[in-house]
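**Q** Each residue of the sequence shown is one higher than the one before, counting from 117 in this note's numbering. Built from N, CA and C at the ideal position, the CB exists for glycine as well. Can you keep this structure in mind? I'll have questions shortly.
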Amino acid sequence: MKHSSLVVFILLILAFSSCVSTKVFNDLETRYAKVKIARNSSEKSRDSLQQSWDLLSSDLDEVKSHLNRARDSIKIGLNQIEEWEDKYILLKENSEDKIQSSIAENNALLKEIALRKTELQSRSDRVEQLEEMIQNQKQALNQLKERLTDALLNFEGKGLTVEQRNGKVYVSMENKLLFKSGRWDIEPEGKKALQELAAVLEENPDISILIEGHTDNVPFSPKGQLESNWDLSTKRATAVVNILLQNNQILPENLTAAGRSEFVPIAPNSSLEGRAANRRIEVVLSPSFDEITSLLETN
Numbered sequence: 117m118k119h120s121s122l123v124v125f126i127l128l129i130l131a132f133s134s135c136v137s138t139k140v141f142n143d144l145e146t147r148y149a150k151v152k153i154a155r156n157s158s159e160k161s162r163d164s165l166q167q168s169w170d171l172l173s174s175d176l177d178e179v180k181s182h183l184n185r186a187r188d189s190i191k192i193g194l195n196q197i198e199e200w201e202d203k204y205i206l207l208k209e210n211s212e213d214k215i216q217s218s219i220a221e222n223n224a225l226l227k228e229i230a231l232r233k234t235e236l237q238s239r240s241d242r243v244e245q246l247e248e249m250i251q252n253q254k255q256a257l258n259q260l261k262e263r264l265t266d267a268l269l270n271f272e273g274k275g276l277t278v279e280q281r282n283g284k285v286y287v288s289m290e291n292k293l294l295f296k297s298g299r300w301d302i303e304p305e306g307k308k309a310l311q312e313l314a315a316v317l318e319e320n321p322d323i324s325i326l327i328e329g330h331t332d333n334v335p336f337s338p339k340g341q342l343e344s345n346w347d348l349s350t351k352r353a354t355a356v357v358n359i360l361l362q363n364n365q366i367l368p369e370n371l372t373a374a375g376r377s378e379f380v381p382i383a384p385n386s387s388l389e390g391r392a393a394n395r396r397i398e399v400v401l402s403p404s405f406d407e408i409t410s411l412l413e414t415n
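Structure follows, in structure tokens:
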């Protein structure tokens, strides 16, 4: 059956071929070849376009992926920026509060420093005033000692000495210049010495004058108006005060009489010379400390 159909097909071709001229056949064959070539070319172009399309699709997918990642990154960055802005605003507010607080503290500290500086300056001024007062007093005492030394020069070697110690001037007069034994009325030579002393003291109305009476340690036998060495030393000190007050330029409130008896010796009582040195009147001249005390009590 198959064989019969093939034979018929061949016969038809031969019949058809015999009916078409060779030129037409060749022409058709050429056109067919061109069409075939064109079709092959189109198929190749299609394949190329498909490859390009696939590449472009792949690139587009990658770009979309990058774009999505970039969009997510930008979103995260914007969120971080918002967080940073919130933190910055909070930090700024806190910083401003702290700055204002620090400014207030600094202003208070500056006021305290200024107050302390003023107080220290005031204290420094008082110290300078004190130093000046002390220096002036020291100079005044030096001048007083020199003045007394000159005024009492004629009595040196007669039991009278002038010394400066412990911020005071001491005029010491042995009893042989002033009193007879057991007596408290002052001898003429002693009066002259006290009058010369008073003439210098009237030039120094701010000087405190302490007159101390001293005895040796020989027990005093009570007799007459005397009861003891205490009594004798006090009466002698008072007698000196009375002579000084004969100069009406000396202020009584500056004078003090004190009996020290035998208890402040300046030499051993074991010898005649020592006992003679201990029997004495000491005039202790002290500068007034009222101004210094007032300045120290000043706030």
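Starting from the Cα of H291, find the closest Cα among A393, N222, R162 and give me that residue.
**A** Here residue 291 is taken as the residue at index 175 of the sequence shown, counted from 1. Contrary to the premise, residue 291 reads as Asn rather than His in this sequence. Residue A393 is the option with its Cα nearest to N291.
**Q** Distance check for Y148 and K118, CA to CA, integer angstroms please.
**A** Within the sequence shown, the letter at position 2 stands for residue 118. Within the sequence shown, the letter at position 32 stands for residue 148. Reliability fails at K118, whose pLDDT of 47 lies under 50, so the model's placement of it is uncertain and the value that follows must be treated cautiously. Whole-angstrom Cα-Cα distance: 29 Å.
**Q** Report the rounded CA-to-CA distance for R162 versus L171, giving the unit in angstroms.
**A** Walking along the sequence shown from the start, residue 162 turns up at place 46. Walking along the sequence shown from the start, residue 171 turns up at place 55. Straight-line Cα distance between these residues: approximately 14 Å.
**Q** With which residues is Y286 paired in a DSSP beta bridge?
**A** Counting from 1 along the sequence shown, the entry for residue 286 is found at position 170. Bridge partners of Y286: E279, V400.
**Q** Note the first and the last residue of the continuous alpha helix (DSSP H) segment covering R391.
**A** Along the sequence shown, one-based indexing puts residue 391 at 275. Looking at the DSSP string, the run of the alpha helix (DSSP H) that includes R391 is 388 to 394.
**Q** Would you give the residue range spanned by the alpha helix (DSSP H) that I359 belongs to?
**A** On the sequence shown, position 243 is the one that residue 359 refers to. That run of the alpha helix (DSSP H) goes 345 to 360.
**Q** Does the beta-carbon of G275 have 16 or more other beta-carbons within 10 angstroms, so that it is buried, or is it exposed?
**A** Against the sequence shown, residue 275 aligns to sequence position 159. Looking at its Cβ environment, which holds 16 or more other Cβ atoms inside 10 Å, G275 is buried.
**Q** Is the number of C-beta pairs between the region 363 to 377 and the region 323 to 338 that are closer than 8 Å three or more?
**A** At 8 Å Cβ cutoff, the stretches touch.
**Q** Could you check whether the region 265 to 281 touches the region 310 to 320, counting it as contact only if at least three pairs of C-beta atoms, one from each stretch, sit closer than 8 Å?
**A** Touching, yes.
**Q** Tell me the DSSP secondary structure of I323 in three-state form.
**A** Residue numbering aside, residue 323 sits at position 207 when the sequence shown is read from its first letter. Reduced to three states, the DSSP call for I323 is coil.
**Q** Helix, strand or coil for Q216, going by three-state DSSP, please let me know.
**A** For the purposes of this step, residue 216 is identified with residue 100 of the sequence shown, where counting begins at 1. In this structure, Q216 counts as helix in the three-state DSSP scheme.
**Q** Can you list, in chain order, the residues of its chain with a C-beta nearer than 7 Å to that of L367? Leave out the 5 residues immediately preceding and following it.
**A** Within the sequence shown, residue 367 is the residue found at index 251, counting from 1. Cβ neighbours of L367 beyond the five flanking positions: P321.
**Q** Does DSSP put S377 in a helix, a strand or coil?
**A** Position 261 of the sequence shown, counted from the start, is the residue given in the question as residue 377. Reduced to three states, the DSSP call for S377 is strand.
**Q** What's the call for P304, buried or exposed, on a 16-neighbour Cβ count within 10 Å?
**A** Walking along the sequence shown from the start, residue 304 turns up at place 188. The residue in question, P304, is exposed, as its Cβ has fewer than 16 Cβ neighbours within 10 Å.
**Q** Using the Cα positions of I397 and K254, report the straight-line distance between them to the nearest angstrom.
**A** As a position in the sequence shown, residue 397 is number 281, starting the count at 1. As a position in the sequence shown, residue 254 is number 138, starting the count at 1. Taking the straight line from one Cα to the other gives about 24 Å.
**Q** According to DSSP, is K233 part of a helix, a strand, or is it coil?
**A** Residue mapping note: residue 233 aligns to position 117 of the sequence shown, counting from 1. Correct three-state label for K233: helix.
**Q** Helix, strand or coil: how does DSSP classify K118 here?
**A** Taking the sequence shown and counting its residues from 1, one reaches residue 118 at position 2. Note that K118 scores a pLDDT of 47, beneath 50, so its modelled location is shaky; the value from the coordinates is reported in the next line. Note: K118 maps to helix in three-state DSSP.
**Q** Mark F295 as exposed unless 16 or more other C-beta atoms lie within 10 angstroms of its C-beta, in which case mark it buried.
**A** Within the sequence shown, residue 295 is the residue found at index 179, counting from 1. Per the 10 Å Cβ criterion, buried.
**Q** Use the C-beta contact count for L349: other C-beta atoms within 10 angstroms, 16 or more gives buried, fewer gives exposed.
**A** Within the sequence shown, the letter at position 233 stands for residue 349. Before going further, note that residue 349 is Ser rather than Leu in the sequence given. Label assigned to S349: buried.
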